[in-house]
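As given, the protein sequences belong to chains A and B, one line each in that order. With this note's numbering as the guide, the letters of the first sequence map in order to residues 2 to 381. With this note's numbering as the guide, the letters of the second sequence map in order to residues 2 to 381. C-beta: ideal position from N, C-alpha, C; glycine also.
Protein chains: 2
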Amino acid sequence: MFRLTVHSTEGAARAGSFTTPHGEVATPAFMPVGTQGTVKGLIMEEVAELGARMVLANTYHLYLRPGHDLVHRLGGLHAFMRWDGPILTDSGGYQVFSLAHIREVHDDGVVFQSHIDGSRHEFTPESVMEIQRALGADVVMAFDECPPGGCDRATAEAANARTLAWLRRCRDRFEELEHEVNVPLQTLFPVLQGNVFEDLRRGHAQSFMDLGDWSGYGIGGLSVGEDKQAMWRVLELLDGVLPAERPRYLMGVGYPDDLLEAVARGCDLFDCVAPTRNARHGTVWTSEEGQVNLKAARFREDTRPIDPGCDCYTCTHYDRAYIRHLVVSAEGLSMRLLSIHNLRFLVRLGEEARRRIGDGTFAAWSRDWLERYRNERSLV
Amino acid sequence: MFRLTVHSTEGAARAGSFTTPHGEVATPAFMPVGTQGTVKGLIMEEVAELGARMVLANTYHLYLRPGHDLVHRLGGLHAFMRWDGPILTDSGGYQVFSLAHIREVHDDGVVFQSHIDGSRHEFTPESVMEIQRALGADVVMAFDECPPGGCDRATAEAANARTLAWLRRCRDRFEELEHEVNVPLQTLFPVLQGNVFEDLRRGHAQSFMDLGDWSGYGIGGLSVGEDKQAMWRVLELLDGVLPAERPRYLMGVGYPDDLLEAVARGCDLFDCVAPTRNARHGTVWTSEEGQVNLKAARFREDTRPIDPGCDCYTCTHYDRAYIRHLVVSAEGLSMRLLSIHNLRFLVRLGEEARRRIGDGTFAAWSRDWLERYRNERSLV
């Protein structure tokens with residue numbers, strides 16, 4: 002259980018299967034984000050239909066509302082959100098550092114105020130394990146400190162040390178809870194930090210591996226404002242350090258071009274709110290025209306699907322003209338239809354990458370794909 | 002075509018079939034409202050699944066955005082909104098009088114400002130026929146003047162006279178357009194006005210019937226703030242005046258209890274935005290507990306469906322605890338799930354009324370149903 006079987010590789014890119022108590026996940030795989038226990042606007046049957054096998058939910062949000070204890074009493078997150086497939090919960094660390102108000106960071110944990118009602122809360126490595134145990138996801142993430150993008154070396158180093166110390170406490174509490182709270186089998190992924198400092202990244206990864214044999218690794222602290230080239234360098238060096246047969250989850254990364262670049266550098270799992278957030282603003286990805294916003298007047302009488310090559314429900318049932326009308330009229334249905342398309346776009350990109358790695362054409366296909374996608378974006 | 006076949010009656014209540022170019026509508030029938038060419042949040046397959054056979058769209062909204070000419074060029078409203086069943090468009094009169102800004106009412110028509118951008122527009126009986134011809138609905142409504150609820154007799158009388166004069170012009174333009182603009186067969190329903198003044202109601206209906214043999218009648222100017230008993234009296238008197246074999250569409254009426262009261266008084270077709278508007282606020286109808294708001298704390302751990310007796314997608318897949326979480330968290334999915342339930346609730350009420358009229362138990366069933374529903378409401 003929780004093993005990645007690598008079926009084929011091409012360079013650093015890998016195609017594999019990740020086994021969980023709720024089924025196998027073919028990798029590379031994009032995981033739709035169900036922040037509050039719902040992939041915004043969609044029923045979970047639709048999420049399954051668009052090919053997603055594993056979804057993410059946010060510990061911070063579910064802890065605040067409706068509360069992890071309530072979710073546990075109601076049968077756990079799978080039952081609560083009607084999803085039989087694997088679920089990953091994040092640690093809440095990222096939200097505490099980015100979304101919550103006024104906070105104190107101690108060695109013991111983080112004190113924060115709810116973004117909903119200003120109430121005071123504390124997350125510690127132990128409490129975050131307890132919350133995620135109660136939620137009952139398949140994969141739970143260690144509590145980490147994610148310093149802001151562009152931080153200096155000393156800040157990154159201190160955050161690394163704290164994240165490592167917290168990881169030990171997470172592991173200890175996680176192991177205790179396996180005997181205390183009865184939920185289906187879970188596993189714990191640590192979160193690698195170190196910003197763009199290559200030696201810190203290398204040292205952090207090594208110290209995690211010295212601590213134990215983890216069933217997978219979260220790669221955090223990227224896509225937080227740093228230069229893209231720096232992100233690729235970090236992924237390349239981690240590819241040389243991390244064990245091959247463990248899934249690597251690149252946290253919060255999921256624009257189409259970034260996903261392909263990261264797959265090329267050995268990443269397996271991805272999540273990002275961009276598909277649903279972009280949907281809210283009328284923005285979609287297409288394979289022939291790059292990223293476009295459907296509010297543009299040129300779509301007014303456009304009777305083509307959003308992406309003629311796409312097999313999603315939206316593209317096989319609706320045209321741009323109608324969807325543009327929904328977007329311009331701020332109709333809720335547009336959010337749903339565009340989310341389905343954008344999510345399917347990323348899920349399909351993972352599927353296609355997997356197929357290409359299998360037959361050894363990933364590098365060539367990915368290069369052409371990225372070139373076209375970027376040219377198109379620059380034309381918009 | 003456009004004939005109502007009455008299969009059975011019980012008192013004034015009738016069960017029938019209304020034939021349209023896009024299929025038959027079993028009556029009594031609630032018609033979901035697709036204001037802007039979309040039943041808020043739903044795909045039309047879901048609307049069909051919940052048993053709705055005929056839907057309504059708003060001329061005022063579609064005229065302003067995306068424009069009737071555009072809808073026409075895109076193949077008409079059926080193609081535009083992906084609905085193969087019958088569609089009824091209203092005349093826009095009600096929206097002009099209730100939603101648009103600064104207006105002048107002349108004998109020729111109404112000048113108004115768009116609620117979207119303040120732009121100046123004019124609706125005349127002729128232009129409203131042209132717009133509805135371009136949209137291409139099965140049933141189009143005559144342009145009427147709907148004076149505010151509680152207006153005095155002179156105001157109601159003047160509005161009646163204008164509505165009658167406009168009806169003649171609507172009919173003439175409607176007949177011309179049948180040769181000018183090629184769309185599937187349409188029919189024109191006049192809109193009966195007269196507020197709560199019984200002699201005006203009677204006179205208005207008689208003058209319409211003197212003008213021709215209409216294939217159906219819209220009953221307007223009710224549910225605009227008047228006393229409920231006055232509304233029932235108007236329906237009773239119209240039942241004695243209007244031809245039996247013509248469908249009667251009670252405009253804008255559709256709360257569950259009002260629907261049953263109106264069925265008992267010979268009405269066949271209904272529409273109302275309450276199912277979707279209530280959904281937006283977390284309010285649902287149940288057969289055992291009346292109208293409830295799911296935000297209430299007592300639903301926090303309630304694992305029952307919204308309505309245990311309901312066969313809708315929401316009630317067969319989700320529980321109150323999860324949906325309450327969605328409502329409290331302002332998640333878009335709640336609007337969708339609650340709309341499905343509320344719409345199904347009204348559609349089912351029509352189906353059940355039809356069955357009961359067929360076997361002669363409508364009056365007894367309806368009395369019990371209303372008593373329970375009203376008692377429950379008073380307990381909330």
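Residue-chain proximity (residue i, chain B), Cβ-Cβ < 8 Å
{"i": "A/Q96", "result": "no"}
{"i": "A/E50", "result": "no"}
{"i": "A/T188", "result": "no"}
{"i": "A/S330", "result": "yes"}
{"i": "A/F346", "result": "no"}
{"i": "A/G77", "result": "no"}
{"i": "A/A166", "result": "no"}
{"i": "A/H326", "result": "yes"}
{"i": "A/M55", "result": "no"}
{"i": "A/M142", "result": "no"}
{"i": "A/L334", "result": "yes"}
{"i": "A/L71", "result": "yes"}
{"i": "A/A16", "result": "no"}
{"i": "A/P22", "result": "no"}
C-alpha distance - residue i paired with residue j, whole-angstrom precision
{"i": "B/V141", "j": "B/V225", "result": "22 Å"}
{"i": "A/L350", "j": "A/M252", "result": "17 Å"}
{"i": "A/P248", "j": "A/D240", "result": "11 Å"}
{"i": "A/G24", "j": "A/R368", "result": "32 Å"}
{"i": "B/P29", "j": "B/Q187", "result": "21 Å"}
{"i": "A/L178", "j": "A/P67", "result": "22 Å"}
{"i": "A/L243", "j": "A/L201", "result": "14 Å"}
{"i": "B/A16", "j": "B/C147", "result": "29 Å"}
{"i": "A/N279", "j": "A/G333", "result": "14 Å"}
{"i": "B/L193", "j": "B/A166", "result": "12 Å"}
{"i": "A/W215", "j": "A/D360", "result": "30 Å"}
{"i": "A/C313", "j": "A/V348", "result": "11 Å"}
{"i": "A/E346", "j": "A/E176", "result": "In the sequence as presented, Glu is not what sits at residue 346 of chain A; that position holds Phe. Whole-angstrom Cα-Cα distance: 38 Å."}
{"i": "B/R382", "j": "B/D153", "result": "Outside the displayed span of chain B (2 to 381) sits residue 382 of chain B, for which this structure offers no information."}
{"i": "A/V264", "j": "A/R355", "result": "9 Å"}
{"i": "A/A331", "j": "A/T277", "result": "15 Å"}
{"i": "B/R83", "j": "A/C311", "result": "19 Å"}
{"i": "A/E131", "j": "A/A245", "result": "30 Å"}
{"i": "A/R281", "j": "B/A27", "result": "38 Å"}
{"i": "B/T10", "j": "B/R234", "result": "20 Å"}
{"i": "A/G151", "j": "A/Q133", "result": "30 Å"}
Beta carbon of residue i nearer than 8 Å to that of residue j
{"i": "B/A53", "j": "B/L344", "result": "yes"}
{"i": "A/F144", "j": "A/C171", "result": "yes"}
{"i": "B/G321", "j": "B/R305", "result": "A small fix is needed here, since residue 321 of chain B is Arg in this sequence, not Gly. Closer than 8 Å, so yes."}
{"i": "B/E302", "j": "A/L71", "result": "yes"}
{"i": "B/T383", "j": "B/I341", "result": "In this structure chain B extends from 2 to 381, so residue 383 of chain B is not present and cannot be described."}
Where residue i falls, given that 16 or more other Cβ within 10 Å makes a residue buried
{"i": "A/V182", "result": "exposed"}
{"i": "A/D308", "result": "buried"}
{"i": "B/Q96", "result": "buried"}
{"i": "A/I117", "result": "exposed"}
{"i": "A/T164", "result": "buried"}
{"i": "B/V381", "result": "Unreliable placement is indicated for B/V381, whose pLDDT of 49 sits below 50; the coordinate value is still reported in the next sentence. It counts as exposed."}
{"i": "B/G221", "result": "buried"}
{"i": "A/H107", "result": "exposed"}
{"i": "A/L365", "result": "According to the sequence provided, residue 365 of chain A is Ala. The question's Leu does not apply to it. Result: exposed."}
Residue-chain proximity (residue i, chain A), Cβ-Cβ < 8 Å
{"i": "B/T90", "result": "no"}
{"i": "B/P33", "result": "no"}
{"i": "B/Q37", "result": "yes"}
{"i": "B/F124", "result": "no"}
{"i": "B/Y319", "result": "yes"}
{"i": "B/L371", "result": "no"}
{"i": "B/P276", "result": "no"}
{"i": "B/R266", "result": "no"}
{"i": "B/P148", "result": "no"}
{"i": "B/K41", "result": "yes"}
{"i": "B/A322", "result": "yes"}
Contact test: residue i Cβ vs the ligand SAH heavy atom, cutoff 7 Å
{"i": "A/L51", "result": "Within the structure as shown, the ligand SAH is missing, as the structure has no ligands at all."}
Quick check: the stretch 254 to 267 of chain A against the stretch 192 to 200 of chain A, are at least 3 beta-carbon pairs closer than 8 Å?
no
Can you list, in chain order, the residues of the stretch 283 to 317 of chain B whose Cβ is nearer than 9 Å to any Cβ on chain D?
Absent here is chain D; the protein component of the structure consists of chains A and B.
Report yes or no: do the stretch 87 to 105 of chain B and the stretch 57 to 65 of chain B share at least 3 C-beta pairs separated by less than 8 Å?
yes
Counting beta carbon pairs with one atom in the stretch 286 to 298 of chain B and one in the stretch 3 to 10 of chain A, are three or more of them shorter than 8 Å?
no
Taking contact to mean 3 or more Cβ pairs, one atom from each stretch, closer than 8 Å, check whether the stretch 31 to 39 of chain A and the stretch 312 to 330 of chain B are in contact.
yes
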